[in-house]
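Residues 111 to 240, numbered by the working numbering, are exactly what the sequence shown covers, in order.
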Amino acid sequence: MTSAKHQPIVAPGLPKPAGPYSPGMQLDRLLFISGQAARDPATGVQPEGIEAQTEQVLRNLERILVAGGSSLQHVLRCGVFLVDMQEFARMNAVYERVFAGHRPARTTVQVSALPDAGLRVEIDCIAYVP
Numbered sequence: 111m112t113s114a115k116h117q118p119i120v121a122p123g124l125p126k127p128a129g130p131y132s133p134g135m136q137l138d139r140l141l142f143i144s145g146q147a148a149r150d151p152a153t154g155v156q157p158e159g160i161e162a163q164t165e166q167v168l169r170n171l172e173r174i175l176v177a178g179g180s181s182l183q184h185v186l187r188c189g190v191f192l193v194d195m196q197e198f199a200r201m202n203a204v205y206e207r208v209f210a211g212h213r214p215a216r217t218t219v220q221v222s223a224l225p226d227a228g229l230r231v232e233i234d235c236i237a238y239v240p
């Protein structure tokens, strides 16, 4: 009997996680990507507004997916955490555009707060390596 091997995924240029967790973990061909914030890795700046934050969060997820040998088109499921469900439609418009027709399974919930001050959205995902 062989045991499955798992390994952390770290994308170049992304800030270190704020806690004791990996940005992503790979198990065979599955990738589990931790919830990402909207901080731009090049500048360290968090954009304002749900649209700009959603775009940046998805780009941060994409960096980790690519580092693990995958892409947004291979995402199976996302979890979306919003501070204000009134921003759902605006977040969803960016999400739909960035995923470009790919429609992974998804759960979206409203949360009372997120770790970074001013953060409006956090997204995690599960994907596979083709």
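C-beta: ideal position from N, C-alpha, C; glycine also. These numbers were taken from a predicted model, which means no experiment stands behind them.
Between the alpha carbons of residue 147 and residue 166 lies a gap of roughly 8 Å. Taken through DSSP and simplified to helix, strand or coil, residue 164 comes out as helix. In this structure, the CA atom of residue 226 is about 30 Å from the CA atom of residue 239.
Beyond the five residues adjoining it in sequence on each side, residue 212 comes within less than 8 Å, by CB distance, of 182, 183, 185 in the same chain, given in chain order. Inter-residue distance for residue 232 and residue 139 is about 24 Å (C-alpha atoms, whole angstroms).
Nearest to residue 123 by C-alpha distance, out of 222, 180, 154, is 154. Residue 223 and residue 115 have their C-alpha atoms roughly 34 Å apart.
For residue 232, the uninterrupted beta strand (DSSP E) segment begins and ends at 231-238.
Pairing residue 132 with residue 196, the inter-Cα distance amounts to about 31 Å. Here residue 116 is bridged, per DSSP, to 137. Its chain contains 147, 148, 149, 150, 163, 166, 226, 228, 229 as the residues whose beta carbon lies nearer than 8 Å to that of residue 156, once the 5 sequence neighbours on both sides are disregarded; these appear in chain order.
Sorting 216, 143, 198, 200 by C-alpha distance to the C-alpha of residue 180 places 143 at the top. Between residue 145 and residue 234, the gap from beta carbon to beta carbon is short of 8 Å.
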